[in-house]
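Numbering (my numbering), first residue to last: 189 to 341.
Below, the structure written as structure tokens:
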């Protein structure tokens with residue numbers, strides 16, 4: 189199965205997906221030169237391949253076979269689906285990150301509160317927990333916004 193690795197993440201793709209060797213290695217300028225496609229490419233390729241097969245030599249396109257056109261169209265659809273799946277996984281990981289960070293910050297906040305209380309009697313505690321006090325001294329991130337209530341249609 190094709191794999192794409194980056195850092196601690198490995199994405200394993202279906203065997204039916206062929207990742208071009210130069211994928212991930214193009215410069216921004218090279219990416220801009222790759223023609224953009226429209227939605228429905230896979231369906232259009234499949235329909236054209238079917239018609240080419242029906243017509244046989246009556247409709248021959250130099251350098252294009254019905255089989256190759258169908259295969260390329262299927263590849264386009266499969267990679268689109270994989271990208272959508274990775275997008276869902278990305279959104280899940282982003283939410284997991286928010287939840288994990290919030291839990292860690294809540295615990296660290298309790299430590300900070302204790303450092304502030306005990307630090308009034310023993311200033312060396314504040315120095316020993318300087319990473320904690322400096323973290324909370326920084327300008328805080330924007331607080332979470334309350335969710336908007338769902339409106340009925």
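Just so it is clear, CB atoms sit at the ideal spot from N, CA and C, and this is done for glycine as well.
Exercise. Flag this pair as yes or no: are the beta carbons of residue 254 and residue 241 separated by less than 8 angstroms?
Key: yes
Quiz prompt | Host alpha helix (DSSP H) of residue 265 (start-end) | solution = 254-307
Quiz prompt | Secondary structure of residue 314, DSSP reduced to three states | solution = helix
Quiz item: Which two residues bound the contiguous alpha helix (DSSP H) that contains residue 238?
Solution: 229-243
Practice problem: Look up residue 198 in the DSSP assignment and say whether it is helix, strand or coil. | Solution: strand
Self-check item: Where residue 249 sits in the DSSP three-state scheme
Solution: strand
Practice problem: Have a look at residue 219 and residue 261 and give me their C-alpha separation to the nearest angstrom. | Solution: 20 angstroms
Practice problem: List the whole-angstrom C-beta distance separating residue 300 from residue 321, where the pair is believed to meet the contact cut-off of C-beta under 8 angstroms. | Solution: 7 angstroms
Quiz item: Touch check for the stretch 276-292 and the stretch 245-253: three-plus C-beta pairs under 8 angstroms?
Solution: no
Quiz item: Counting along the chain, where does the alpha helix (DSSP H) carrying residue 216 start and finish?
Solution: 216-221
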